[in-house]
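Inspection log for the structure reproduced underneath, given as structure tokens.
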Amino acid sequence: MPDPIKRLTIRRPDDWHLHLRDGEVLRAVLPDTTAQFGRAIIMPNLKPPVSTTALAQAYRRQILDAMPAARGSAPAFEPLMTLYLTDRTTPDEILRARDSGFIHGVKLYPAGATTHSDAGVTDLLGYCMDTLEAMQACGMPLLVHGEVTDPGVDIFDREAVFIDRVMIPLRAALPELKVVFEHLTTRDGVDYVREAEGPIAATITAHHLLYNRNALFQGGLRPHWYCLPVLKREQHRRALLEAATSGNPRFFLGTDSAPHPRGAKEQDCGCAGCYTARHAMALYATAFEQAGRLESLEAFASLNGPGFYGLPQNAGTLTLERSEQTVPDELAMGDDVLVPLAAGSMLPWRVLTDPD
Ligand code: NCD
Ligand code: ZN
10 MPDPIKRLTI
20 RRPDDWHLHL
30 RDGEVLRAVL
40 PDTTAQFGRA
50 IIMPNLKPPV
60 STTALAQAYR
70 RQILDAMPAA
80 RGSAPAFEPL
90 MTLYLTDRTT
100 PDEILRARDS
110 GFIHGVKLYP
120 AGATTHSDAG
130 VTDLLGYCMD
140 TLEAMQACGM
150 PLLVHGEVTD
160 PGVDIFDREA
170 VFIDRVMIPL
180 RAALPELKVV
190 FEHLTTRDGV
200 DYVREAEGPI
210 AATITAHHLL
220 YNRNALFQGG
230 LRPHWYCLPV
240 LKREQHRRAL
250 LEAATSGNPR
260 FFLGTDSAPH
270 PRGAKEQDCG
280 CAGCYTARHA
290 MALYATAFEQ
300 AGRLESLEAF
310 ASLNGPGFYG
320 LPQNAGTLTL
330 ERSEQTVPDE
340 LAMGDDVLVP
350 LAAGSMLPWR
360 VLTDPD
């Protein structure tokens, strides 16, 4: 057997799906992302939602103000802002977003699908057609949380049913609309994105590459492994890993790192969301190594995303080293704490940071 790869240098990666929140949570979590990524698509599910260009501009300013002070040659970080689509988003708002230069997508949350989605869309093709047409015309991507909210549909089937009920009719009506199928979790999703015609791509999280739904119940109920879309069966994890490591430019990195205070997850009705930003690239490298495909990590993390979004690749690089680290039991988050995904477990990779 050849020696395992000990070090890997790739072009600086981007995170194409990230929750940063605001206020002191933002200040606590942002350095985890800026230490590894050149850019990130910032999810707009704040309270209230970031539903206008003006709100996105204010949120962007907050993020830039919360940036860790640049040390020496520390690379800059650019937040790529998004708008939260509602039943009332107008075509004019899309034009303002396009003209802003800093808004790179519009996020569809089916109303009630996940954390902070109550202002989301109730009937996409019924209420949003003019707005979607404006997006198609100006090349603004639609970023889709692809799960139906019908309580009659089993939670493990909601992505597959979404493809039939929403994704296929949507893309038949608007074949040139750029669509990102966010946090893909099933073989059905992989097959659809691989085979569909037109401008479509998908993000994949590290946790859906590394774990199946057994993680939710290992030795008891594990709230820190609960996210939406929920972890699926092993056959789906394998399909995702195969897609992510295949080099297919339609698949790229999106952590969906979603910080919640420990107490909000450990309670009667715990929040959905896994925190992975601190160890993001170590988690992805672990998954790619398990698949024997470390050489395709760069395409997935650093090349395919900019290709789809029509942005340049980052200038710098990131080096990963094969050296073990244990994920801490908890991380400080302002006056609170959060529990990172895989707390207490060992990861074989770490990001090599420049010495201070
Ligand atoms: C996200 C959050 O906490 O904002 N939660 C999650 O489980 N992924 C929302 C989302 O992306 O669905
Ligand atoms: Zn998300």
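When we follow the numbering used here, the leftmost residue of the sequence shown carries the number 10, and every step to the right adds one.
In this text, a Cβ means the ideal position worked out from N, Cα and C, and glycines have one as well.
Everything numeric in this text was worked out from a predicted model, so none of it was measured.
Quick one: is the Cβ of D265 within less than 7 angstroms of any heavy atom of the ligand ZN? Translated into the one-based positions of the sequence shown, residue 265 becomes position 256. For D265, the shortest C-beta to heavy atom distance toward the ligand ZN is below 7 angstroms.
By how many angstroms is the C-alpha of S60 removed from the C-alpha of Q66? On the sequence shown, residue 66 is found 57 positions in, with the first residue counted as 1. On the sequence shown, residue 60 is found 51 positions in, with the first residue counted as 1. Distance between Q66 and S60, taken at the CA atoms: about 11 angstroms.
List the DSSP bridge partners of I112. The count along the sequence shown starts at 1 and reaches residue 112 at position 103. The bridge partners DSSP lists for I112 are M90.
Stretch-stretch touch, CB-based, cutoff 8 angstroms, three pairs: the region 282–300 with the region 184–198: Cβ pair count under 8 angstroms is below three, so no.
Any heavy atom of the ligand NCD closer than 7 angstroms to the Cβ of A281? Stepping through the sequence shown from its first residue, residue 281 is reached at position 272. Yes.
Assuming L152 and V175 make a contact with CB atoms under 8 angstroms, what is their CB distance in whole Å? Counted from its first residue, the sequence shown places residue 152 at position 143. Counted from its first residue, the sequence shown places residue 175 at position 166. Their Cβ separation, rounded to whole angstroms, is 14 angstroms, which puts L152 and V175 out of contact at 8 angstroms.
If the criterion is Cβ atoms closer than 8 angstroms, does the pair A75 and L27 meet it? Counted from its first residue, the sequence shown places residue 75 at position 66. Counted from its first residue, the sequence shown places residue 27 at position 18. No. Outside cutoff.
Quick one: measure Cβ to Cβ for Y293 and A211, integer angstroms, because I've assumed they're closer than 8 angstroms. Here residue 293 refers to the residue found at position 284 when the sequence shown is read from its first residue. Here residue 211 refers to the residue found at position 202 when the sequence shown is read from its first residue. Separation of the CB atoms of Y293 and A211 is rounded to 15 angstroms, and the pair is thereby denied contact status at 8 angstroms.
Under 8 angstroms by Cβ, that's how I've got I51 and T91 pegged, so tell me the actual separation to the nearest angstrom. By 1-based counting over the sequence shown, the position of residue 51 is 42. By 1-based counting over the sequence shown, the position of residue 91 is 82. Your pair I51 and T91 checks out as a contact, with CB atoms roughly 6 angstroms apart and the cut at 8 angstroms.
Test: D338 CB closer than 8 angstroms to a CB of chain C: The structure shown contains no chain C; it is built from a single protein chain.
Of the residues P208, I213, Q276, which one's Cα is nearest the Cα of H154? Taking the sequence shown and counting its residues from 1, the one referred to as residue 154 is at position 145. Considering only alpha carbons, the answer is I213.
Please report how far the alpha carbon of D139 lies from the alpha carbon of P100, in whole angstroms. Position 130 of the sequence shown, counted from the first residue, corresponds to residue 139. Position 91 of the sequence shown, counted from the first residue, corresponds to residue 100. Their Cα atoms are separated by approximately 6 angstroms.
How many angstroms separate the CA atom of V239 from the CA atom of P77? Within the sequence shown, residue 239 is the residue found at index 230, counting from 1. Within the sequence shown, residue 77 is the residue found at index 68, counting from 1. Between V239 and P77, the C-alpha separation is close to 32 angstroms.
Secondary structure of P100, DSSP reduced to three states: Taking the first residue of the sequence shown as position 1, residue 100 is located at position 91. In the three-state reduction of the DSSP assignment, P100 falls in the helix class.
Could you give the first and the last residue of the continuous alpha helix (DSSP H) run that contains R36? Counting from 1 along the sequence shown, the entry for residue 36 is found at position 27. That run of the alpha helix (DSSP H) goes 32–43.
What is the rounded straight-line gap between the Cα of V38 and the Cα of A286? As a first step, residue 38 must be located in the sequence shown, where it is residue number 29. As a first step, residue 286 must be located in the sequence shown, where it is residue number 277. One Cα belongs to V38, the other to A286, and the distance between them is close to 8 angstroms.
Considering just the uninterrupted stretch of the beta strand (DSSP E) at E330, what are its terminal residues? Within the sequence shown, the letter at position 321 stands for residue 330. Where E330 is concerned, the enclosing beta strand (DSSP E) stretches over 326–330.
Classification of R167 by the beta-carbon crowding that lies within 10 angstroms, buried from 16 upward: In the sequence shown, the residue the question calls residue 167 occupies position 158. Burial call: buried.
Only counting the same chain, and skipping five residues up and downstream in sequence, which positions put a Cβ closer than 7 angstroms to that of R107? Mapped onto the sequence shown, residue 107 falls at position 98. Result list for R107: C147, M149, in chain order.
List the residues that DSSP assigns as beta-bridge partners of Q334. One-based indexing of the sequence shown puts residue 334 at position 325. The partner list for Q334 (beta bridge, DSSP) reads L356.
I'd like to confirm the pairing. Which residues does DSSP put opposite R48 in its beta bridges? Here residue 48 corresponds to residue number 39 of the sequence shown, with the count starting at 1. Note: R48 sits in a beta bridge opposite E87.
H26 beta carbon near the ligand NAD (any heavy atom closer than 7 angstroms): Judged by which ligands are present, the ligand NAD is missing from the structure shown, whose ligands are the ligand NCD and the ligand ZN.
Sub-8 angstroms separation of D23 and T264 beta-carbons: If you number the sequence shown from 1, residue 23 lands on position 14. If you number the sequence shown from 1, residue 264 lands on position 255. Result no, Cβ atoms of D23 and T264 do not sit closer than 8 angstroms.
Does the Cβ of V336 have 16 or more other Cβ atoms within 10 Å, making it buried, or fewer, making it exposed? Your numbering for residue 336 matches position 327 in the sequence shown. V336 comes out buried.
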